[in-house]
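Enquirer: With mature numbering (1 follows the signal peptide of the UniProt record, and there is no 0) as the guide, the letters of the sequence shown map in order to residues -21 to -1, 1 to 185. For glycine and all other residues, C-beta sits at the position ideal for the given N, C-alpha and C.
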Amino acid sequence: MRTMKMIGFAVSAVALSAALAACGGEESQHHPETPAPSSAAPAAPAPAQGQSNQADITFAQQMIPHHQQAVEMAKLVAGRTSNQQVIDLAAQIQQAQDPEIQTMTAWLQQWGAPVLAPMPGMDHSGHGSMPGMMSAEDMGKLEQSKDTAFDTMWLTMMVDHHQGAIDMATTEQQQGASAEAKQLAGQIITAQQAEIATMNGLLNKK
């Protein structure tokens, strides 16, 4: 009888141990250990907004002084003509190109490229290799003219100047890498082609 009690006790102990082990297993299933933190894998690099190549840099470096000369030509209109269409066109050119100069200057700074130093006064002879740039002599003649003579000279010079900008912008679209610069180049082409059409129309009336 005593032996039977001991056997029963042993069986109960084994059953209790098994039950405790099962509970422990369930608890570990419901409450797994938090894994030790690990270094996250580096994310794939996002495309740089300022990504550029040499064509983009050349475009901005050359278009800035090109625009600056166009703005100077636009400023000469005041007091030299009463032709409202020429006055309005000059204002339109200045309003469009001043912000573009600021935009391209910021790009060059982001790209770590130098901004070409502006030439003193209206002398852009140092940038004469750029398409459509007027010489200091051309600018001097324009400054000395008035009325109808000024209108004709200004329109003729600005058509050539705009065509030069279109040529430069076309090269940027073909060779550039910066999406932003190529977009601006497209805007320059569209705007200045329309202005050339307007200026040619005014010249044909004379």
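Ala148: which of Ala69, Thr131, Gly58 and Gln172 sits nearest, CA to CA?
Expert: That would be Gln172, whose Cα lies nearest to the Cα of Ala148.
Enquirer: With C-beta atoms as the reference, is His140 less than 7 Å away from Gly165?
Expert: No. Outside cutoff.
Enquirer: Give me the Cα-Cα distance between Lys120 and Thr82, rounded to the nearest whole angstrom.
Expert: Whole-angstrom Cα-Cα distance: 31 Å.
Enquirer: Would Ser157 pass as a contact of Asp35 if the rule is Cβ separation under 7 Å?
Expert: Yes; because the gap between Cβ atoms is below 7 Å, this pair is in contact.
Enquirer: Quick check: Gln73 and Val94, are their CB atoms within less than 7 Å of each other?
Expert: No, they are not a contact pair.
Enquirer: State yes or no: is the C-beta of Asp130 within less than 7 Å of the C-beta of Val65?
Expert: Their beta carbons are under 7 Å apart, which means Asp130 touches Val65 by this criterion.
Enquirer: My assumption, with CB atoms under 8 Å, is that residue 188 sits in contact with Met178. Please give the rounded CB distance.
Expert: Residue 188 is absent from the structure shown; the chain starts at -21 and stops at 185.
Enquirer: Is it the case that the Cβ atoms of Leu163 and Leu134 are separated by a distance below 7 Å?
Expert: In this structure, Leu134 does not lie closer than 7 Å to Leu163 by Cβ.
Enquirer: Straight-line CA distance for Thr127 to Gln30?
Expert: Approximately 47 Å between the Cα atoms of the pair.
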